[in-house]
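*Asks:* The structure follows.
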Amino acid sequence: LPCLPQGINDRLMSLRLPLLGDQFATIMSAYAPTMTCSDAVKVKFYEDLHALPATVLKAEKLIVLGDFNAHVGTDRASWIGVLVPHGLGSCNDNGLFLLRTFEFSKQITQKPENLHAPDNNATMETRWCPLRNGIQSTTLEVLGRARRQHQDLFDDNDANISNLLAEKNRLHKAYMDLRTDATKAAFFRCRCLVQQRLREMQDAWMIRKAEEIQEYADRNEINNFFTVIYSRLPNS
Numbered sequence: 214l215p216c217l218p219q220g221i222n223d224r225l226m227s228l229r230l231p232l233l234g235d236q237f238a239t240i241m242s243a244y245a246p247t248m249t250c251s252d253a254v255k256v257k258f259y260e261d262l263h264a265l266p267a268t269v270l271k272a273e274k275l276i277v278l279g280d281f282n283a284h285v286g287t288d289r290a291s292w293i294g295v296l297v298p299h300g301l302g303s304c305n306d307n308g309l310f311l312l313r314t315f316e317f318s319k320q321i322t323q324k325p326e327n328l329h330a331p332d333n334n335a336t337m338e339t340r341w342c343p344l345r346n347g348i349q350s351t352t353l354e355v356l357g358r359a360r361r362q363h364q365d366l367f368d369d370n371d372a373n374i375s376n377l378l379a380e381k382n383r384l385h386k387a388y389m390d391l392r393t394d395a396t397k398a399a400f401f402r403c404r405c406l407v408q409q410r411l412r413e414m415q416d417a418w419m420i421r422k423a424e425e426i427q428e429y430a431d432r433n434e435i436n437n438f439f440t441v442i443y444s445r446l447p448n449s
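Per the numbering used here, the very first residue in the sequence shown carries number 214; after that it's consecutive.
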C-alpha cells in the first residue's frame, strides 16, 4: 500500500487507497460511543468525525463506514438530503449527533442523481430507478402491504411524543449551532424531561393494559384475554 492506515484515535481510523489512474479513495472507519458513554465523550467523537472530511481532497472519493450505535428515526422532512427513506423507530441522542454531523458535512454524501454512470450517457439515478420501481411495484402487487400486528405506547401517545422530540431536536440544533453553557443546559434539561415523560407514558400505558387484561379475566372472556396479550402488548 502506498499509504498505511492512520489511527486518529481509538474510535476513528482512515485508509487512503489508490484507484485507476491518479484517483484515490479514502475509507474512514468509525466506532461511535454507546448510549452509556458520557455526553463529553460523544461530543468529542462527533467533533473529530466532523473534522475528518476536510482532510480529504474534494476530487477524491470518501467512504465512511462503521458502527454508529444510533437510531436516526424516520423524520425525513427535518433531514432532507441526509436521511434516506429506510429508517426505523424513533431517533435517539446518538442519532441526533449523527444526523447533525452528516448535515454539516455534505461532502460525506452524494445524491445518486449527481453520480455519473460509467458510459457518461446517464446518471446512476436514471439507471437505478427502473429497477427500483419494478421491484417495489412487483413486491407490492404480490405480497401487499404489511399489516401492523401490535399496538404499543407510541400509538396512544404519538402526538405528545412527536412534540417532545421536536422540541428536543430544536434545542439540540441550537446547541450544535451555538455551543454555549446556556444552550447546552437547555438541551440537557429538555432531554431529561423527554426521558421522564416517556417513562411516565410507558408506565401509564402498561397499567391500562394490565387493567384491561384483568377485566377480561374477571369476566372469563378468554378470547379477548388472549387477543390483548398476543396482539397488543409490546414484545419483550
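No residue lacks a Cβ here, since even glycine has one placed at the ideal position from N, Cα and C.
Which residue wins for smallest C-alpha separation from leucine 265, given the options Arg224, Gly286, Ser291 and Asn282?
*Replies:* The count along the sequence shown starts at 1 and reaches residue 265 at position 52. Answer by Cα proximity: Arg224.
*Asks:* Below 8 Å, how does it come out for the segment 244–258 and the segment 266–285: are there three or more Cβ pairs, yes or no?
*Replies:* A contact exists between the segment 244–258 and the segment 266–285.
*Asks:* With burial defined as no fewer than 16 other Cβ atoms inside 10 Å of the residue's Cβ, what is the status of glutamine 323: buried or exposed?
*Replies:* Sequence index remark: in the sequence shown, residue 323 carries index 110 (1-based). With a pLDDT of 48 at glutamine 323, under the threshold of 50, the predicted position of this residue should be treated as unreliable, though the coordinate-derived value follows. Exposed: under 16 other Cβ atoms inside 10 Å.
*Asks:* Closer than 8 Å is the cut-off here; do at least three beta carbon pairs connect the segment 235–244 with the segment 271–280?
*Replies:* As far as the Cβ criterion goes, the segment 235–244 touches the segment 271–280, which means the pair count is three or higher.
*Asks:* Report the rounded CA-to-CA distance for lysine 422 versus isoleucine 435, giving the unit in angstroms.
*Replies:* Residue mapping note: residue 422 aligns to position 209 of the sequence shown, counting from 1. Residue mapping note: residue 435 aligns to position 222 of the sequence shown, counting from 1. Their backbone Cα atoms lie some 15 Å apart in a straight line.
*Asks:* Answer with buried or exposed for threonine 351, where buried requires no fewer than 16 other C-beta atoms within 10 angstroms of its C-beta.
*Replies:* Here residue 351 refers to the residue found at position 138 when the sequence shown is read from its first residue. Exposed, since its Cβ has fewer than 16 Cβ neighbours within 10 Å.
*Asks:* For arginine 289 and valine 297, I'd like the C-alpha separation in whole angstroms.
*Replies:* Locating residue 289 in the sequence shown gives position 76, where the first residue counts as 1. Locating residue 297 in the sequence shown gives position 84, where the first residue counts as 1. The straight-line gap from Cα to Cα measures roughly 7 Å.
*Asks:* What is the rounded straight-line gap between the Cα of lysine 381 and the Cα of asparagine 222?
*Replies:* Your numbering for residue 381 matches position 168 in the sequence shown. Your numbering for residue 222 matches position 9 in the sequence shown. Straight-line Cα distance between these residues: approximately 30 Å.
*Asks:* Can you tell me the Cβ-Cβ gap for asparagine 370 and methionine 414, rounded? I've got them flagged as a contact below 8 Å.
*Replies:* Position 157 of the sequence shown, counting from 1, holds the residue named residue 370. Position 201 of the sequence shown, counting from 1, holds the residue named residue 414. With 8 Å as the limit, asparagine 370 and methionine 414 qualify as a contact, their Cβ atoms being about 5 Å apart.
*Asks:* Less than 7 Å between the C-beta atoms of phenylalanine 400 and leucine 384, yes or no?
*Replies:* Taking the sequence shown and counting its residues from 1, the one referred to as residue 400 is at position 187. Taking the sequence shown and counting its residues from 1, the one referred to as residue 384 is at position 171. Taking 7 Å as the Cβ cut-off, phenylalanine 400 and leucine 384 qualify as a contacting pair.
*Asks:* Could you check if arginine 313 is buried or exposed, using at least 16 other CB atoms within 10 Å of its CB as the buried criterion?
*Replies:* Here residue 313 refers to the residue found at position 100 of the sequence shown. It counts as buried.
*Asks:* Using a Cβ-Cβ cutoff of less than 8 Å, which residues in the same chain neighbour proline 218 once the five nearest sequence positions on both sides are dropped?
*Replies:* The residue labelled residue 218 in the question sits at position 5 within the sequence shown. The residues are Met226, Ser227 and Leu228.
*Asks:* What separation, rounded to the nearest whole angstrom, lies between the Cα atoms of phenylalanine 310 and alanine 267?
*Replies:* Position 97 of the sequence shown, counting from 1, holds the residue named residue 310. Position 54 of the sequence shown, counting from 1, holds the residue named residue 267. Those two C-alpha atoms are separated by around 18 Å.
*Asks:* Do you know offhand how far leucine 345's Cα is from cysteine 405's?
*Replies:* On the sequence shown, residue 345 is found 132 positions in, with the first residue counted as 1. On the sequence shown, residue 405 is found 192 positions in, with the first residue counted as 1. Sequence inspection shows arginine at residue 345; the leucine mentioned does not correspond to that position. Distance between the alpha carbons of arginine 345 and cysteine 405 is about 42 Å.
*Asks:* Which word fits valine 355, buried or exposed, when buried means at least 16 other C-beta atoms lie within 10 angstroms of its C-beta?
*Replies:* Numbered from 1 along the sequence shown, position 142 holds the residue referred to as residue 355. Its Cβ having fewer than 16 others within 10 Å, valine 355 is exposed.
*Asks:* Could you give the residue range of the alpha helix (DSSP H) that holds alanine 379?
*Replies:* Position 166 of the sequence shown holds residue 379. Per DSSP, alanine 379 belongs to the alpha helix (DSSP H) from 371–390.
*Asks:* If you draw a straight line from the C-alpha of serine 291 to the C-alpha of aspartate 235, how long is it?
*Replies:* Residue mapping note: residue 291 aligns to position 78 of the sequence shown, counting from 1. Residue mapping note: residue 235 aligns to position 22 of the sequence shown, counting from 1. Distance between the alpha carbons of serine 291 and aspartate 235: 38 Å.
*Asks:* Where do the ends of the alpha helix (DSSP H) carrying phenylalanine 401 lie?
*Replies:* The residue given as residue 401 occupies position 188 in the sequence shown. Unbroken alpha helix (DSSP H) run through phenylalanine 401: 394–431.
*Asks:* Out of curiosity, what's the CA-to-CA distance linking proline 215 and leucine 233?
*Replies:* Your numbering for residue 215 matches position 2 in the sequence shown. Your numbering for residue 233 matches position 20 in the sequence shown. Whole-angstrom Cα-Cα distance: 14 Å.
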